[in-house]
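Peer 1: Can you read through this structure? Questions will come right after.
There are 2 protein chains.
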Amino acid sequence: MLVEIDFNSDEAIYIQLRNQIFVAIATSQLKEGESLPSVRALADKIGVNMHTVNKAYSTLRQDGFLKVDRRRGAVVAVDIDKLDSMAKMKAYLRPLIARGICKGLSKEEVKGIVDQLYDELS
Amino acid sequence: MLVEIDFNSDEAIYIQLRNQIFVAIATSQLKEGESLPSVRALADKIGVNMHTVNKAYSTLRQDGFLKVDRRRGAVVAVDIDKLDSMAKMKAYLRPLIARGICKGLSKEEVKGIVDQLYDELS
DNA sequence: TAATTGTTATACTTATGATATAACAACTAT
DNA sequence: ATAGTTGTTATATCATAAGTATAACAATTA
Numbered sequence: 001m002l003v004e005i006d007f008n009s010d011e012a013i014y015i016q017l018r019n020q021i022f023v024a025i026a027t028s029q030l031k032e033g034e035s036l037p038s039v040r041a042l043a044d045k046i047g048v049n050m051h052t053v054n055k056a057y058s059t060l061r062q063d064g065f066l067k068v069d070r071r072r073g074a075v076v077a078v079d080i081d082k083l084d085s086m087a088k089m090k091a092y093l094r095p096l097i098a099r100g101i102c103k104g105l106s107k108e109e110v111k112g113i114v115d116q117l118y119d120e121l122s
Numbered sequence: 123m124l125v126e127i128d129f130n131s132d133e134a135i136y137i138q139l140r141n142q143i144f145v146a147i148a149t150s151q152l153k154e155g156e157s158l159p160s161v162r163a164l165a166d167k168i169g170v171n172m173h174t175v176n177k178a179y180s181t182l183r184q185d186g187f188l189k190v191d192r193r194r195g196a197v198v199a200v201d202i203d204k205l206d207s208m209a210k211m212k213a214y215l216r217p218l219i220a221r222g223i224c225k226g227l228s229k230e231e232v233k234g235i236v237d238q239l240y241d242e243l244s
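Heads up: the protein sequence lines correspond to chains A and B, in order. So the first sequence is residues 1 to 122, counted in my numbering. So the second sequence is residues 123 to 244, counted in my numbering.
Pasting the structure below:
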């Protein structure tokens with residue numbers, strides 16, 4: 001699992017890290033039941049503080065992407081709640097779609113991008 | 123144009139304001155060429171500081187949604203750059219789609235939500 | 001026993017969001 | 001001409017969040 005942090009980004013490090021773990025799980029680079037690097041190991045690898053990685057792991061656990069097994073560390077364990085996931089997706093998407101409509105993007109163009117991303121990410 | 127700010131939200135006030143202006147423009151509650159309330163008037167209306175509204179207006183101007191006419195104040199003027207808008211949409215969408223894939227959302231389900239939002243917002 | 005796991009606690013620095021005045025040039029209305 | 005309003009800029013202050021730095025804990029592993 002490769003990690004690339006942009007320290008000049010306006011996005012928080014733990015958010016960048018979380019997003020890349022999203023991608024890794026989606027693309028099966030990280031598979032269900034697989035262990036993630038320890039917070040200390042990953043922090044050392046990407047050159048940030050342990051707590052920054054721990055924050056990413058904690059939010060991922062809280063949002064149902066990881067579980068902590070005392071003997072195996074942080075393990076990929078995706079909790080599926082379709083209705084909740086659909087509701088969250090819609091809430092996250094609303095301002096983005098509104099922005100796109102303002103900029104003249106058609107429904108078909110946006111759905112084309114969704115197609116592209118599904119191809120790239122699964 | 124109605125504005126609703128949630129002061130307990132984790133989203134910054136100027137971001138909430140910006141998102142609602144996105145929606146207002148998309149739904150033609152705010153039409154091309156139409157003037158927005160002055161920063162002071164809107165700040166007073168929703169009970170926040172002038173600079174908070176100014177920050178929302180500034181980012182909207184910088185992102186090509188408003189222009190400033192000295193005699194008419196902030197005016198809706200959407201700058202259309204299809205390629206740039208598509209690229210930004212894709213960049214914003216990537217982590218969301220990755221998250222959705224992890225949670226088992228199908229391509230069709232996500233595109234269904236896009237359809238719903240286009241119906242609601244245009 | 002020694003080392004590693006996630007986690008928690010405390011403390012510090014830095015960056016950002018929000019507020020508070022104040023002022024400026026450009027424009028509008030009286 | 002005067003007074004008021006426009007977006008904008010400049011400072012300053014406060015609160016919160018992000019990130020760093022040590023340290024410690026119970027549970028597990030080698």
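The beta-carbon is built from N, C-alpha and C at its ideal position, and this holds for glycine as well.
Which one of A:LEU17, A:LYS107, A:THR27, A:GLY100 has the shortest CA to CA distance from A:ALA43?
Peer 2: Of the candidates A:LEU17, A:LYS107, A:THR27, A:GLY100, the one whose C-alpha sits nearest the C-alpha of A:ALA43 is A:LEU17.
Peer 1: Short of 6 angstroms in beta carbon distance, which residues of its chain neighbour A:ARG61, apart from the five on each side in sequence? Order them along the chain.
Peer 2: So no residue of the chain qualifies.
Peer 1: Can you tell me whether A:ARG40 is buried or exposed? The criterion is at least 16 other CB atoms within 10 Å of its CB, across all chains shown.
Peer 2: Counting the other Cβ atoms within 10 Å of the Cβ of A:ARG40 gives fewer than 16, which makes it exposed.
Peer 1: So if I threshold CB-CB distances at 7 angstroms, which residues from the region 213 to 225 of chain B count as touching chain A?
Peer 2: TYR214, LEU215, ARG216, PRO217, LEU218, ILE219, ALA220, ARG221, GLY222, ILE223, CYS224, LYS225
Peer 1: Is it true that the CB of A:GLU34 sits closer than 8 angstroms to the CB of A:VAL76?
Peer 2: yes
Peer 1: Determine which residues of the region 196 to 213 of chain B have a Cβ less than 7 angstroms from any Cβ of chain A, and write them out in chain order.
Peer 2: If the cut-off is 7 angstroms between Cβ atoms, the region 196 to 213 of chain B has VAL200, ILE202, LYS204, SER207, MET208, MET211, LYS212 near chain A.
Peer 1: From the DSSP secondary-structure annotation, give me the bridge partner or partners of A:LEU66.
Peer 2: A:VAL76
Peer 1: So, using beta-carbon positions, are B:CYS224 and A:ALA26 closer together than 8 angstroms?
Peer 2: yes
Peer 1: Using C-beta distances below 7 angstroms, list every residue in its chain close to A:SER9, excluding the 5 sequence neighbours before and after it, in chain order.
Peer 2: GLN16
Peer 1: Using a Cβ-Cβ cutoff of less than 6 angstroms, which residues in the same chain neighbour B:GLY280 once the five nearest sequence positions on both sides are dropped?
Peer 2: The requested residue 280 of chain B is not part of the displayed model; chain B covers only 123 to 244.
Peer 1: Can you check which of these residues, B:GLN238, B:GLU154, B:PHE129, is closest to A:GLY104 by C-alpha distance?
Peer 2: The residue with the shortest Cα to Cα distance from A:GLY104 is B:GLU154.
Peer 1: Identify, in the order they occur along the chain, each residue of the same chain with its Cβ nearer than 8 angstroms to the Cβ of B:VAL125, setting aside the five sequence neighbours on each side.
Peer 2: LEU139, GLN142, LEU164, LYS167, ILE168
Peer 1: Under the three-state reduction of DSSP, which class applies to A:SER58: helix, strand or coil?
Peer 2: helix
Peer 1: Would you report the Cα separation of B:GLU133 and A:SER38, rounded to the nearest angstrom?
Peer 2: 30 angstroms
Peer 1: Would you kindly report the start and end of the unbroken alpha helix (DSSP H) that includes B:VAL236?
Peer 2: 229 to 243
Peer 1: Locate the alpha helix (DSSP H) running through B:ILE143, then write down its first and last residues.
Peer 2: 135 to 148
Peer 1: So, using beta-carbon positions, are B:ARG216 and A:LEU117 closer together than 8 angstroms?
Peer 2: yes
Peer 1: Which residues of chain A have a Cβ atom closer than 8 angstroms to the Cβ of B:GLN238, listed in chain order?
Peer 2: Going along chain A in sequence order, the residues near B:GLN238 (Cβ under 8 angstroms) are LYS90.
Peer 1: Is there a Cβ of chain B sitting closer than 8 angstroms to that of A:ASN8, yes or no?
Peer 2: no
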